[in-house]
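Asker: Protein chains in written order, with the numbering used here: chain C, -15 to 179; chain W, -15 to 179; chain A, -15 to 179; chain L, -15 to 179.
We put the beta carbon where it would ideally sit given N, CA and C, even for glycine.
Protein chains: 4
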Amino acid sequence: MRPRDDKDPRIERSRGCVLEATGELLQELGYGPLTIEAVAARSGVAKSTIYRHWSGKAALVADAFSHLHDREAPAAPPPGPVRDRVVAVLQQLAIDMASHDRLACLIPALIDAAERSEEMAALAPQLVDERAQSLVDVLDDGVKTGDLRPDIDTRLLADALTGPLVLARLFHRPPIDPADIPAIVDQILPRTAGG
Amino acid sequence: MRPRDDKDPRIERSRGCVLEATGELLQELGYGPLTIEAVAARSGVAKSTIYRHWSGKAALVADAFSHLHDREAPAAPPPGPVRDRVVAVLQQLAIDMASHDRLACLIPALIDAAERSEEMAALAPQLVDERAQSLVDVLDDGVKTGDLRPDIDTRLLADALTGPLVLARLFHRPPIDPADIPAIVDQILPRTAGG
Amino acid sequence: MRPRDDKDPRIERSRGCVLEATGELLQELGYGPLTIEAVAARSGVAKSTIYRHWSGKAALVADAFSHLHDREAPAAPPPGPVRDRVVAVLQQLAIDMASHDRLACLIPALIDAAERSEEMAALAPQLVDERAQSLVDVLDDGVKTGDLRPDIDTRLLADALTGPLVLARLFHRPPIDPADIPAIVDQILPRTAGG
Amino acid sequence: MRPRDDKDPRIERSRGCVLEATGELLQELGYGPLTIEAVAARSGVAKSTIYRHWSGKAALVADAFSHLHDREAPAAPPPGPVRDRVVAVLQQLAIDMASHDRLACLIPALIDAAERSEEMAALAPQLVDERAQSLVDVLDDGVKTGDLRPDIDTRLLADALTGPLVLARLFHRPPIDPADIPAIVDQILPRTAGG
DNA sequence: GCTTAATCGAGACGGTACGTCGCGTCTTACG
DNA sequence: CGTAAGACGCGACGTACCGTCTCGATTAAGC
Chain C
-15 MRPRDDKDPR IERSRGCVLE ATGELLQELG YGPLTIEAVA ARSGVAKSTI
35 YRHWSGKAAL VADAFSHLHD REAPAAPPPG PVRDRVVAVL QQLAIDMASH
85 DRLACLIPAL IDAAERSEEM AALAPQLVDE RAQSLVDVLD DGVKTGDLRP
135 DIDTRLLADA LTGPLVLARL FHRPPIDPAD IPAIVDQILP RTAGG
Chain W
-15 MRPRDDKDPR IERSRGCVLE ATGELLQELG YGPLTIEAVA ARSGVAKSTI
35 YRHWSGKAAL VADAFSHLHD REAPAAPPPG PVRDRVVAVL QQLAIDMASH
85 DRLACLIPAL IDAAERSEEM AALAPQLVDE RAQSLVDVLD DGVKTGDLRP
135 DIDTRLLADA LTGPLVLARL FHRPPIDPAD IPAIVDQILP RTAGG
Chain A
-15 MRPRDDKDPR IERSRGCVLE ATGELLQELG YGPLTIEAVA ARSGVAKSTI
35 YRHWSGKAAL VADAFSHLHD REAPAAPPPG PVRDRVVAVL QQLAIDMASH
85 DRLACLIPAL IDAAERSEEM AALAPQLVDE RAQSLVDVLD DGVKTGDLRP
135 DIDTRLLADA LTGPLVLARL FHRPPIDPAD IPAIVDQILP RTAGG
Chain L
-15 MRPRDDKDPR IERSRGCVLE ATGELLQELG YGPLTIEAVA ARSGVAKSTI
35 YRHWSGKAAL VADAFSHLHD REAPAAPPPG PVRDRVVAVL QQLAIDMASH
85 DRLACLIPAL IDAAERSEEM AALAPQLVDE RAQSLVDVLD DGVKTGDLRP
135 DIDTRLLADA LTGPLVLARL FHRPPIDPAD IPAIVDQILP RTAGG
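Pasting the structure below:
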């Protein structure tokens, strides 16, 4: 349907080099000190070309994250009883949250950007909910199977479960050890066990 | 606080103006776009004077947060049964986060700042924990009175309770109506009777 | 002059604007109070662009002097007997020094600049000597024709002749009337016949 | 007659320290890089005190020169025949002109300042003429004794004689060796020998 | 294969903010 | 009082990146 998509392979090559370089620099410097000039220098792609493809640093970095994640196995949906599946999801979240080159380290910027811009305010819940949805899905499954009470608000419960992890990360409290997550789940989840 | 023999009142005056202006600008712009130049313009204090007192943006912002924090009266702990006290604390939190003149409404800026500056990363948990403590205290009381089971981690529970509120605020999901907070508490708060 | 393959015409345009503005400001302010900032404002060229082309104020001013020097047509040497030619040259000098749009009227700025910058210290004698040469040439001709004694140092004599004019101008003594120049020349210029 | 001149000895002590330090720094740095802050630091005298006594860098430096010269033997008026006395005066001038810590190195600043300020324009000839007068006096003596023709303009002649030295200095041409001065005098002076 | 138009690198441009330095003024406390 | 100490507002410094813009010099495409 789209008349001329991206026939020119140079576009894709440039994109690749830039995202590669951005990923490297993100790991080396983090988000704040990363500069478009540095990306241009490292990638050998001209600044003008970068701006031709991305609207700015935020867009570029967001894209670089996607690029990095595309190359990884998409988080496998864990099988088993609800409680174990919840634990698995949260453990994965804890790991992501601690890593330097994951979406997690963009979240602070995202939060602040959402505060100042209509666009970002609209985009933020979208991006976050996408990730959060997997947990809600697991909980919904639990409701369906009767492992969880039918009257619970699974969205709310998901936030209550992720809250401790996310808040610790955002406020730079000591990070939560994935090994402690079963205990956390057991404290919060059982309240909702089907009765 | 400290028995300084600051003879020259100009020092304290400058400090005050600058911290005031910094607080305002943090709210308007957030951490990233905040510039020392803008602080100087807004406060009427010369840039050189700002650098005379603070080593840079990070130190200034950290100080501004502390300053704002100091001037907020610690919310009086409400009386009554645990569940109602928790509800009251969370309702106050919901109100604070939506307001325009409280430290709580600077949380997005604080999160972003903590991500980019060592000083703020160290300060953030301090500021946040102090606020969070009131809820933990209420829960601890509940444990003492036997309204809550003795085996719970009150710190964790506090995060689970505030999580939904804070996350909704940060990610610009539809704001939570204070009227809904009792329902939220009832879903998450485990009471001795298990009901 | 140099066969540069400067494809981008903006470079030359910027250079021109900046040198123009620098010349103007040198005349108005002199070397000391001249500011790169002011040059940028006057020329409409960004400060960063100026620093892209020149290493600093000294280099810029040196270039501005060369630029002004290049555009001044070398005054045609007057014909006639030596004494009259000397008078003519000095009268032209007197006029130039009093004017507002000639390099000669920038001599005060040049002297000060030469005192404070290596570049200008190297350039100054170059600029000045080139102008002085025309008088030396006239005197050399006089020696050749026998109008002047062959044992004189024409360079020295040229300085002795211009000295009164230049010193009066520099030290703001009452200016010398061009009509008085013949008398001056007659006192200082040694002719073969001995006066 | 003056009611209370400077009874307070601290004033004189401060003045001394400052002038001392200024002299030292002038020799070390020259006029351009010399800073009032540096003078204050070196002398141990507060900046405010310096500004209480002098209007600025130029005035301070001028004063420092006077102070330095006051401690030296005032140039002895040379005896003997006119020609030798002229040579002696010019040789002293040549030496002064070459030294770093004499009035000579203020002259470029003086010239430029005179160009921009009424005050300085009035002051400049005064300061310079004071020094030039000794040569004019010598020449006037020569006229009186009949060694020089009575119809010469001694002021003009003095400028012609000093011109080569002064111009070489101001335009950073190679400095004139005092040993060459007799030859210079002999080329310019004889024209005016009494006939 | 031969244009021809898209895409590129290189980097100049006008800006904004940086953090520093020295200015000349002003304020306080001391002797 | 005059002073040392030093904070202050100010303005310029020279640098780093920003995001925009002109340039030829490759290409890859469709004629």
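(1) Rounded to whole angstroms, what is the Cα-Cα separation between L:L156 and L:L10?
(2) Using a Cβ-Cβ cut-off of less than 8 Å, list which residues of the segment 140 to 154 of chain W approach chain C; keep chain order.
(3) Based on the DSSP output, what are the partners of W:R175 in its beta bridges?
(4) Can the beta-carbon of W:A5 be found less than 7 Å from the beta-carbon of W:V23?
(5) For the segment 9 to 23 of chain L, list every residue whose C-beta sits within 8 Å of some C-beta in chain A, in sequence order.
(6) Which residues, taken in chain order from the segment 88 to 100 of chain A, show a beta carbon closer than 7 Å to some beta carbon of chain L?
(7) Which residues in chain C sit within 9 Å of W:P109, going by Cβ to Cβ distance?
(8) Can you tell me whether W:T214 is buried or exposed? The criterion is at least 16 other CB atoms within 10 Å of its CB, across all chains shown.
(9) Kindly indicate which three-state DSSP category A:P63 falls into: helix, strand or coil?
(10) Would you call the segment 146 to 154 of chain W and the segment 73 to 88 of chain W in contact, with 3 or more CB pairs under 8 Å?
(11) If you run the structure through DSSP and keep just helix, strand and coil, what is A:V127?
(12) Chain L partners of A:V112, CB-CB under 7 Å?
(13) Given a threshold of 16 other Cβ atoms within 10 Å of its Cβ, counted over all protein chains shown, does A:K41 qualify as buried or as exposed?
(14) Check W:S118 in the structure and name its three-state DSSP category.
(15) Taking Cβ positions, are W:L119 and W:A142 nearer each other than 7 Å?
(16) With distances taken between CB atoms, is the gap from W:S39 to W:C1 smaller than 7 Å?
(17) Give the single residue among W:E114, W:D113, W:T138, W:A105 whose Cα lies nearest to the Cα of W:M124.
(18) Using the beta-carbon of each residue, which ones in chain W are nearer than 9 Å to C:Q171?
(19) Below 9 Å on C-beta distance, what does A:I79 contact in chain L?
(20) Between which two residues does the alpha helix (DSSP H) harbouring A:S27 extend?
(21) Quick check on DSSP: helix, strand or coil for A:Y35?
(22) Could you give the first and the last residue of the continuous alpha helix (DSSP H) run that contains C:E4?
(23) For A:A105, collect the residues of the same chain with a Cβ closer than 6 Å to its Cβ; drop the 5 residues on either side in sequence, then sort them by chain order.
(24) Since L:I136 contacts L:L74 with CB under 8 Å, what's their CB separation in whole angstroms?
(25) Taking Cβ to Cβ, would you say W:Q76 is nearer than 7 Å to W:A88?
(26) Thinking C:V169 and C:L145 are a contact (beta carbons under 8 Å), I'd like their distance in whole angstroms, please.
(27) Can you tell me where the alpha helix (DSSP H) with W:S50 in it begins and where it stops?
(28) Give me the residue from A:A43, A:P158, A:L140 with the minimum Cα distance to A:E103.
(29) Distance, Cα to Cα, L:P158 vs C:Y35?
(30) From what residue to what residue does the alpha helix (DSSP H) around L:G147 run?
(31) Use the C-beta contact count for A:G64: other C-beta atoms within 10 angstroms, 16 or more gives buried, fewer gives exposed.
(32) Within the 7 Å Cβ cut-off, does A:A105 reach chain L?
(33) Using only CA atoms, which one of W:G126, W:L140, W:I95 lies nearest to W:R69?
(34) For W:R100, which of W:P17, W:R86, W:E(-4) has the nearest alpha-carbon?
(35) Quick one: which chain C residues come within Cβ less than 9 Å of W:I168?
(36) For W:P17, which three-state DSSP category applies?
Answerer: Taking the coordinates as given:
(1) Within the fourth sequence, numbered from 1, the residue matching residue 156 of chain L stands at position 172. Within the fourth sequence, numbered from 1, the residue matching residue 10 of chain L stands at position 26. Just to set this straight, residue 156 of chain L is His in the shown sequence, not Leu. Cα to Cα, the separation comes out at about 19 Å.
(2) Along the segment 140 to 154 of chain W, the positions whose C-beta sits under 8 Å from a C-beta of chain C are L140, L141, D143, A144, L145, T146, G147, P148, V150, L151, A152, L154, read in chain order.
(3) In the second sequence, the residue the question calls residue 175 of chain W occupies position 191. Answer is W:L132.
(4) As a position in the second sequence, residue 5 of chain W is number 21, starting the count at 1. As a position in the second sequence, residue 23 of chain W is number 39, starting the count at 1. The answer is yes: Cβ separation under 7 Å.
(5) When C-beta distances to chain A are compared with 8 Å, the residues of the segment 9 to 23 of chain L below that value are Y15, G16, in chain order.
(6) P92, A93, I95, D96, A98, E99, R100
(7) On the second sequence, position 125 is the one that residue 109 of chain W refers to. Within chain C, the residues near W:P109 are A152, F155, H156, R157, P158.
(8) Given a span of -15 to 179 for chain W in the structure shown, any question on residue 214 of chain W remains unanswerable.
(9) Along the third sequence, one-based indexing puts residue 63 of chain A at 79. Residue state, collapsed to three classes: coil.
(10) yes
(11) Here residue 127 of chain A refers to the residue found at position 143 when the third sequence is read from its first residue. If DSSP states are grouped into helix, strand and coil, A:V127 belongs with the helices.
(12) Stepping through the third sequence from its first residue, residue 112 of chain A is reached at position 128. Here the neighbours are F155.
(13) For the purposes of this step, residue 41 of chain A is taken as residue 57 along the third sequence, with counting starting at 1. Under this definition A:K41 is a buried residue.
(14) What you label residue 118 of chain W is simply residue 134 of the second sequence in a count that begins at 1. Helix at W:S118.
(15) Mapped onto the second sequence, residue 119 of chain W falls at position 135. Mapped onto the second sequence, residue 142 of chain W falls at position 158. Taking 7 Å as the Cβ cut-off, W:L119 and W:A142 qualify as a contacting pair.
(16) Numbered from 1 along the second sequence, position 55 holds the residue referred to as residue 39 of chain W. Numbered from 1 along the second sequence, position 17 holds the residue referred to as residue 1 of chain W. Against a cut-off of 7 Å, the Cβ pair of W:C1 and W:S39 comes out as no contact.
(17) As a first step, residue 124 of chain W is located in the second sequence; it is residue number 140 there, counting from the start. In the sequence on display, residue 124 of chain W carries Asp and not Met. Taking only the C-alpha atoms, the option nearest W:D124 is W:T138.
(18) Walking along the first sequence from the start, residue 171 of chain C turns up at place 187. Residues of chain W passing the Cβ test: D135, I136, D137, L140, L141, A144, P174.
(19) Taking the first residue of the third sequence as position 1, residue 79 of chain A is located at position 95. Here the premise fails: no neighbours, minimum Cβ distance about 18 Å.
(20) The residue given as residue 27 of chain A occupies position 43 in the third sequence. Residues 20 to 27.
(21) Locating residue 35 of chain A in the third sequence gives position 51, counting from the first residue. Helix.
(22) Within the first sequence, numbered from 1, the residue matching residue 4 of chain C stands at position 20. Residues -7 to 13.
(23) Position 121 of the third sequence, counting from 1, holds the residue named residue 105 of chain A. Cβ neighbours of A:A105 beyond the five flanking positions: A98.
(24) As a working note, residue 136 of chain L is residue 152 in the fourth sequence. As a working note, residue 74 of chain L is residue 90 in the fourth sequence. At roughly 17 Å, the Cβ-Cβ gap does not stay under 8 Å, so L:I136 and L:L74 are not in contact.
(25) On the second sequence, position 92 is the one that residue 76 of chain W refers to. On the second sequence, position 104 is the one that residue 88 of chain W refers to. For W:Q76 and W:A88, no; Cβs fall outside 7 Å.
(26) In the first sequence, counting from the first residue as 1, residue 169 of chain C sits at position 185. In the first sequence, counting from the first residue as 1, residue 145 of chain C sits at position 161. Right, the Cβ-Cβ distance comes to about 7 Å (below 8 Å), so this counts as a contact.
(27) On the second sequence, position 66 is the one that residue 50 of chain W refers to. Counting along the chain, the unbroken alpha helix (DSSP H) around W:S50 starts and ends at 41 to 55.
(28) Along the third sequence, one-based indexing puts residue 103 of chain A at 119. Of the listed residues, the one whose Cα sits closest to A:E103 is A:A43.
(29) As a first step, residue 158 of chain L must be located in the fourth sequence, where it is residue number 174. As a first step, residue 35 of chain C must be located in the first sequence, where it is residue number 51. Distance between the alpha carbons of L:P158 and C:Y35 is about 56 Å.
(30) What you label residue 147 of chain L is simply residue 163 of the fourth sequence in a count that begins at 1. Segment 138 to 154, the alpha helix (DSSP H) holding L:G147.
(31) Counting from one through the third sequence, the residue named residue 64 of chain A turns up at place 80. It counts as exposed.
(32) Against the third sequence, residue 105 of chain A aligns to sequence position 121. At a cut-off of 7 Å between C-beta atoms, A:A105 counts as an interface residue with respect to chain L.
(33) The sequence position of residue 69 of chain W within the second sequence is 85, counting from 1. When only C-alpha atoms are compared, the closest one is W:G126.
(34) Reading the second sequence from its first residue, position 116 is the one you call residue 100 of chain W. For W:R100, the nearest C-alpha among the options comes from W:P17.
(35) Stepping through the second sequence from its first residue, residue 168 of chain W is reached at position 184. Here the neighbours are D137, L140, A144.
(36) By one-based count along the second sequence, residue 17 of chain W stands at place 33. The answer is coil: DSSP assigns W:P17 none of H, G, I, E or B.
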